[in-house]
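Counting the sequence shown from 1 gives a position; this note's numbering is that position plus 299.
Where is the CB? At the ideal position from N, CA and C, for every residue including glycine.
Here the structure comes first, spelled out in structure tokens, and everything after it is commentary.
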Amino acid sequence: MTEVNPQQVSAPKADETGKAKAHAAVATPSGGGPRLGLGAIGEIPHIGLVLALVILAAVGLITVPDTFATGSNMVSILALAATIGVITVGATFVIIGGGIDLSVGAVMALASVWATTLATQAYGPWVMMICAILVGTGAGLLNGFLISYGRMVPFIATLAMLVAARGLAQRMSERRTQLVQPDNSLIVDLSTTRILGLPLLVYVFAVVVIIGWLILNRTTFGRRTYAVGGNPEAARLAGINVRRHTMMLYALSGFCCGIAAIIIMARTTTGSSTHGDLYELDAIAAVIIGGTLLTGGRGTIVGAILGLLIFTVITNLFILNGLNTSDQLIAKGLIIVAAVLLQRRSLKAST
């Protein structure tokens, strides 16, 4: 009868041990995925964001009481938030996944220009909308391919896309504003048709937010996003195709840019190479203010949208009070710096 060496039975292989640890890391992604009690992690920051919104509302009621609380102004705030908000949802996924996308504003502009060319408009509004989404998704896929398989730094790859997409939009439109033709009024109806006092585009924004929240918090794709952002090597050892997942995150961001292009076409009845200027900064800032770590692995859709609403209300207050746009940019910059410093402080406290 053959004797069994106890050490052979009890000692697991090194590779199996590494994979076991990796699976454990993915099951509980660093920085707070859904399995770590994400609500508990985001509870305090969300309360702070809500209080900030309440304070801003109080400032509005004090400084411009006759205009701030009107229904038309609330609709204006939501309509502005809808365009940048859809982009913010996509940016949240990318940043949680450990990346950054600087091209979102330019990609949205390119999608709006491509969709409003006379050749595209000849096929009707549905083809225009599909075209905008395909252009956005295609640009996102290219970003993801360059980053995942071309091994380019996300900052450089998306910066190159920003310049290229903006230039292509200018070339296609010859720097002219392209109008949505009357035959394609279905797109404009997203802005003019109202349900319960709100334009349809606000409901489109709400649907995107809800779907984004469900994907991030209730699906394997969302859990993998936290894992890839928190520890890419552990995610790889656990069997996640990190390259493919990263590429899909950028494709999702581009998809959101395509939807945002449809919304801005509805709001302005135009496609223009100037659409989305600095939207990338607003979206990234909203994500940071909402508590998402720039290093990846932690963040929430709810926090990002609350951060977006804070910026949108600030913009609205500056306009209503007739303040200088330059002062508005300075205020936004200071808020971003403060948010990053608070993130660093909270990380040091947690470690």
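Around the Cβ of residue i, are there at least 16 other Cβ atoms within 10 angstroms (buried) or fewer (exposed)?
i, result
"R493", "exposed"
"Y578", "buried"
"Y525", "buried"
"G496", "exposed"
"T457", "buried"
"N728", "With the chain represented from 300 up to 650, any question about residue 728 goes unanswered, as that position is not in the structure."
"T362", "exposed"
"I629", "exposed"
"A533", "buried"
"I354", "exposed"
"F454", "exposed"
"T391", "buried"
"N442", "buried"
"P424", "buried"
"G370", "exposed"
"R475", "exposed"
"N615", "buried"
"L417", "exposed"
"D365", "exposed"
"R334", "The predicted position of R334 is uncertain, since its pLDDT is 45 and thus under 50; a value taken from the coordinates is nonetheless stated next. The residue in question, R334, is exposed, as its Cβ has fewer than 16 Cβ neighbours within 10 Å."
"P481", "exposed"
"T624", "exposed"
Which residues does DSSP list as the beta-bridge partners of residue i?
i, result
"R522", "The partner list for R522 (beta bridge, DSSP) is empty, contrary to what the question assumes."
"Q477", "G570"
"I494", "L497"
Can you grab the Cα-Cα spacing for the pair residue i / residue j, in whole Å?
i, j, result
"L633", "I399", "21 Å"
"P305", "L536", "With a pLDDT of only 44 at P305, under the threshold of 50, the placement of this residue in the model should not be trusted, and no figure is reported."
"I539", "L548", "14 Å"
"A585", "L592", "12 Å"
"I386", "G449", "25 Å"
"N516", "E473", "43 Å"
"V636", "I395", "19 Å"
"I510", "R644", "32 Å"
"S484", "R566", "12 Å"
"V406", "G557", "8 Å"
"G435", "L608", "24 Å"
"L513", "V507", "10 Å"
"Q627", "A560", "25 Å"
"R542", "L551", "14 Å"
"I376", "I562", "14 Å"
"F367", "G529", "41 Å"
"I583", "V393", "10 Å"
"F651", "L445", "For residue 651 there is no data in the structure shown, the boundaries of the chain being 300 and 650."
"G347", "G590", "10 Å"
"I588", "T382", "18 Å"
"F504", "M460", "25 Å"
"K631", "F610", "7 Å"
"V412", "L641", "39 Å"
"V462", "M373", "34 Å"
"A414", "Q420", "7 Å"
"P498", "I486", "12 Å"
"V349", "V358", "14 Å"
"L478", "G397", "38 Å"
"S452", "L500", "The identity of residue 452 in the sequence shown is Val, whereas the question assumes Ser. If you take the alpha carbons of V452 and L500, they lie about 34 Å apart."
"A438", "L360", "42 Å"
"L605", "Y422", "38 Å"
Cβ of residue i versus every heavy atom of the ligand COA: is any distance shorter than 7 Å?
i, result
"M547", "As for the ligand COA, it is missing from this structure, which has no ligand bound."
Any beta carbon from chain B within less than 8 Å of residue i's own beta carbon?
i, result
"R493", "The chain inventory of the structure shown lacks chain B, comprising one protein chain alone."
query = Which ranges does the alpha helix (DSSP H) cover as unbroken runs of at least 4 residues, wholly within the region 370-432, from first to last along the chain?
reply = Taking only runs of at least 4 residues, the alpha helix (DSSP H) segments lying wholly in the region 370-432 are 370-395, 403-414 and 417-420.
Is the region 458-475 close to the region 568-577, with three or more CB pairs under 8 Å?
The region 458-475, when compared against the region 568-577, does touch it at the 8 Å Cβ threshold.
When the Cβ atoms of the region 593-608 are set against those of the region 422-430, are three or more pairs found closer than 8 Å? Contact fails: fewer than three Cβ-Cβ distances are below 8 Å.
query = Which residue spans inside the region 549-627 form an unbroken alpha helix (DSSP H) run of at least 4?
reply = Counting only unbroken stretches of 4 or more residues, the alpha helix (DSSP H) elements lying wholly within the region 549-627 are 578-588 and 600-619, in sequence order.
Complete runs of the beta strand (DSSP E) confined to the region 446-470 [at least 3 residues]: With a minimum length of 3 residues, no continuous beta strand (DSSP E) run stays inside the region 446-470.
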